[in-house]
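**Q**
Numbering (my numbering), first residue to last: 45 to 115.
#1: Can you give me the C-alpha to C-alpha distance between residue 83 and residue 94, rounded to a whole angstrom?
#2: Pick helix, strand or coil for residue 68, following the three-state DSSP scheme.
#3: Sort 108, 98, 85, 63 by Cα distance to residue 78 and report the nearest one.
#4: Please classify residue 56: is it buried, with 16 or more other beta-carbons within 10 angstroms of its beta-carbon, or exposed?
#5: Helix, strand or coil for residue 82? Go by DSSP, reduced to three states.
Quick look at the structure:
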């Protein structure tokens with residue numbers, strides 16, 4: 045059985061040297077999930093990347109507003 049660990053970070057981490065790279069240059073604007081092959085920017089070794097995007101929402105009350113008014 046293969047032991048796979050999953051870490052959630054806001055970067056691409058090389059599995060060879062653990063160098064962290066910005067993911068933005070490697071993704072299309074509206075891609076929410078996918079996979080691709082790339083070479084590490086530091087050690088130059090190839091590896092596979094699998095990604096899935098998620099959104100995190102927070103909310104808070106508006107100060108002094110008890111109900112929404114019509115425009």
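Glycine included, each C-beta is placed from N, C-alpha and C at the ideal position.
**A** Considering the structure as presented:
#1: On the chain shown, residue 83 is found 39 positions in, with the first residue counted as 1. On the chain shown, residue 94 is found 50 positions in, with the first residue counted as 1. Their backbone Cα atoms lie some 14 angstroms apart in a straight line.
#2: As a working mapping, residue 68 is identified with position 24 in the chain shown. Three-state DSSP puts residue 68 in a helix.
#3: Position 34 of the chain shown, counted from the first residue, corresponds to residue 78. Ranking 108, 98, 85, 63 by Cα distance to residue 78 puts 98 first.
#4: Taking the chain shown and counting its residues from 1, the one referred to as residue 56 is at position 12. So residue 56 ends up on the buried side.
#5: Position 38 of the chain shown, counted from the first residue, corresponds to residue 82. It is a strand residue.
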